[in-house]
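Each residue of the sequence shown is one higher than the last, beginning at 0 in numbering that gives the first Met the number 0. Heads up, the beta-carbon is just placed ideally off N, CA and C, and yes, glycines get one too. Please read all numbers here as calculations on a predicted model, not as lab measurements. Taking it in order: structure first as structure tokens, then the write-up.
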Amino acid sequence: MHIAEFNEIIEPNDQTEARCEHLEKLRDLIGNVYPNKFERSKITGEEDTITRVREFAALVKDKYVPKLAENEKPLDEQRDAANSELNQTRVRVAGRLAVPPRVMGKAAFVHLSDGVGRLQIYVRKQDAKAVNNDTGKILDEEGTAWELFNLLDHGDFIGVEGYLFVTKTGELSVHVEALQFLSKALVPMPDKMHGIADPELQRRYRYADLIASSLQIEHEGLTTREVFERRAKLISGMRRFLDDNG
Numbered sequence: 000m001h002i003a004e005f006n007e008i009i010e011p012n013d014q015t016e017a018r019c020e021h022l023e024k025l026r027d028l029i030g031n032v033y034p035n036k037f038e039r040s041k042i043t044g045e046e047d048t049i050t051r052v053r054e055f056a057a058l059v060k061d062k063y064v065p066k067l068a069e070n071e072k073p074l075d076e077q078r079d080a081a082n083s084e085l086n087q088t089r090v091r092v093a094g095r096l097a098v099p100p101r102v103m104g105k106a107a108f109v110h111l112s113d114g115v116g117r118l119q120i121y122v123r124k125q126d127a128k129a130v131n132n133d134t135g136k137i138l139d140e141e142g143t144a145w146e147l148f149n150l151l152d153h154g155d156f157i158g159v160e161g162y163l164f165v166t167k168t169g170e171l172s173v174h175v176e177a178l179q180f181l182s183k184a185l186v187p188m189p190d191k192m193h194g195i196a197d198p199e200l201q202r203r204y205r206y207a208d209l210i211a212s213s214l215q216i217e218h219e220g221l222t223t224r225e226v227f228e229r230r231a232k233l234i235s236g237m238r239r240f241l242d243d244n245g
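Shown next, in the form of structure tokens:
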């Protein structure tokens, strides 16, 4: 049986070629570029998703930082009090890069998405270490995690380990101490502002619509996932009613 190559399925262009080059460099850097396992933390009592971690951290943050108006920043003493507790909480979470990575000198902020919620991560060159996917151990070479981060593309999956904190703008974040590459998105992501606007394409490519909707910054109405979840609950409720009264 013939197994199609990537370039037989997707027409190559400058973006896909750049992503393939990044993938090969990542393979040389950390070994296996499609690991089959990532152990998440359990600070919430179950395996931590981004959504659960956000809910847990919000309970701590709300004790010290009142609800802020748009563009309002927390007071330094409020933020310091929240961070004194949050910094003691270490988490391991995984997600897709919801926006293209933007590097500012030797540090970067980027958002991860689990398809439901988003969580900001903070990567600083001097603090982060990369994980070797062949051995599962931390790479000691300085700058390896920073090199890994600079090979990431919008839509890639990564796992991070670090401690929680609140930024100066009041956003919950993870200060990354260990960075693990999990999967490369070889095809560019849809427009993060508008998602997939064509209704026919939405129906034909549900998987792409789910991804695009989860990464979309601004939504008018329900996301694709929310529509699916409501439809499933509605059908489930109708079935239960018919079973009970049939």
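Whole runs of the beta strand (DSSP E) within the stretch 50-109, excluding any shorter than 3 residues: 89-96 and 101-103
Reduced DSSP secondary structure (H/G/I, E/B, other) of R239: Reading the sequence shown from its first residue, position 240 is the one you call residue 239. Helix.
Euclidean distance between Cα positions of M192 and V98: Position 193 of the sequence shown, counted from the first residue, corresponds to residue 192. Position 99 of the sequence shown, counted from the first residue, corresponds to residue 98. Here M192 scores only 49 on pLDDT, less than 50, and its place in the model is too uncertain to base an answer on.
Runs of alpha helix (DSSP H) wholly within the stretch 150-179 (minimum 4 residues, chain order): none
K124 versus D133, F240, L147 and G116, residue with shortest Cα-Cα distance: Residue mapping note: residue 124 aligns to position 125 of the sequence shown, counting from 1. Closest by alpha carbon: L147.
CB-CB length for L111 against R95, believed under 8 Å: If you number the sequence shown from 1, residue 111 lands on position 112. If you number the sequence shown from 1, residue 95 lands on position 96. Correct: roughly 7 Å between the Cβ atoms.
Unbroken alpha helix (DSSP H) run spanning R247, endpoints: With the chain running from 0 to 245 in the structure shown, residue 247 is simply not present.
Length of the line joining the Cα atoms of S83 and K66: Residue 83 sits at position 84 when you count from the first residue of the sequence shown. Residue 66 sits at position 67 when you count from the first residue of the sequence shown. Distance between the alpha carbons of S83 and K66 is about 19 Å.
Where the alpha helix (DSSP H) containing L147 begins and where it ends: Here residue 147 refers to the residue found at position 148 when the sequence shown is read from its first residue. Looking at the DSSP string, the run of the alpha helix (DSSP H) that includes L147 is T143 to F148.
G158 burial status per 10 Å Cβ neighbour count (16 or more: buried): Locating residue 158 in the sequence shown gives position 159, counting from the first residue. G158 is buried by the Cβ-count criterion.
For V122, three-class secondary structure by DSSP: Here residue 122 corresponds to residue number 123 of the sequence shown, with the count starting at 1. Residue state, collapsed to three classes: strand.
Residue closest to Q87, alpha-carbon to alpha-carbon, out of G135, L163, L138 and D79: As a first step, residue 87 is located in the sequence shown; it is residue number 88 there, counting from the start. The candidate whose alpha carbon is nearest that of Q87 is L163.
N132 in three-state terms, based on DSSP: Here the question's residue 132 lines up with position 133 in the sequence shown. DSSP places N132 outside both helix and strand once states are collapsed to three, so it counts as coil.
Any non-hydrogen atom of the ligand MG closer than 6 Å to D133 Cβ: The model on display carries no ligand, and the ligand MG is accordingly not part of it.
Inter-residue CB distance, V52 and V90 (contact presumed, cutoff 8 Å): To locate residue 52, count along the sequence shown from 1; it is residue 53. To locate residue 90, count along the sequence shown from 1; it is residue 91. Confirmed, Cβ separation roughly 5 Å.
Backbone secondary structure at I234 - three-state DSSP: Residue 234 sits at position 235 when you count from the first residue of the sequence shown. Three-state DSSP puts I234 in a helix.
For K72 and G169, believed in contact at Cβ under 8 Å, the rounded distance: Position 170 of the sequence shown, counting from 1, holds the residue named residue 169. Position 73 of the sequence shown, counting from 1, holds the residue named residue 72. Indeed, because the Cβ distance is near 6 Å, the residues count as touching under 8 Å.
Reference A129, options R78, G114, N31 and R18, closest by Cα: One-based indexing of the sequence shown puts residue 129 at position 130. Among R78, G114, N31 and R18, the Cα nearest to that of A129 is on N31.
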